[in-house]
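Right, one structure below, let's go through it.
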Amino acid sequence: GDSVTQMEGPVTLSEEAFLTINCTYTATGYPSLFWYVQYPGEGLQLLLKATKADDKGSNKGFEATYRKETTSFHLEKGSVQVSDSAVYFCALSEDSSYKLIFGSGTRLLVRP
Amino acid sequence: KAGVTQTPRYLIKTRGQQVTLSCSPISGHRSVSWYQQTPGQGLQFLFEYFSETQRNKGNFPGRFSGRQFSNSRSEMNVSTLELGDSALYLCASSLASGYLTEAFFGQGTRLTVV
């Protein structure tokens, strides 16, 4: 079945450092790909998405490119802030499945 | 506009009891889905409703059920609670009819079973 694999956390960075969180997926069709973020005590917020190969999703300085050849959707940010500290989830959705399949999440800690 | 609203935010129940959680989607959204989040299993899909019809169901026992009303509000019910049902239950709504484009999540209901 479909699945999403994320790098283990926590990832600890200093403020203004470069961030990469790896995400790879397995899918039978051509899924849409998402990154969600969860702040402490909160639900999930959509960070960015890509619906087809080579699409780049971007939001708030975060970017991810849908790479079909490597089945990856890695999250990047050039300069992280303390306020970016949260748990990040990579997810996919296949057409007509009406559901999201999530990775295990990666906790990011950004130190001043 | 108002986001996805889940009530209650926190709940403590005893083993063997049943519980009902409520979700009000964003106005105009007709798809509502439910997820269970636990430290051990992560985020797992429970079920999805669109126009009062369940379109997909996750791999959970029959103790977990849900429904959607004509105003798109949804409830999920867990009967005969077990300790392992302790989790954060998240509801998400979307405009989706044919496929999922973007899901908006509520803050969740934290259920503790003692």
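Going down the list, the protein sequences come from chains A and B.
Numbering-wise (our numbering), the first sequence opens with residue 1 and increments by one.
Numbering-wise (our numbering), the second sequence opens with residue 113 and increments by one.
From the three backbone atoms N, C-alpha and C, an ideal C-beta is built for every residue, glycine too.
Bear in mind the structure is a predicted one, so any value in this text is a computation, not a measurement.
Rounded to the nearest angstrom, the Cβ distance from Y98/A to R167/B is 5 angstroms, consistent with a contact under 8 angstroms. Not a single CB atom of chain B sits nearer than 8 angstroms to the CB of Y30/A.
Contact check for R111/A against E15/A passes: the beta carbons are separated by less than 8 angstroms. In the structure shown, the three-state DSSP call for S182/B is coil.
The C-beta distance from S32/A to T51/A rounds to 5 angstroms, short enough to fall under 8 angstroms. In the structure shown, V82/A falls within a helical segment according to DSSP collapsed to helix, strand and coil. Distance from the Cα of A114/B is smallest, within the candidate group L123/B, Q180/B, I138/B, for I138/B. Contact note: S104/A reaches chain B through G154, using a C-beta cutoff of 7 angstroms and chain order.
In the three-state DSSP reduction, L207/B falls in the coil class, being neither helix nor strand.
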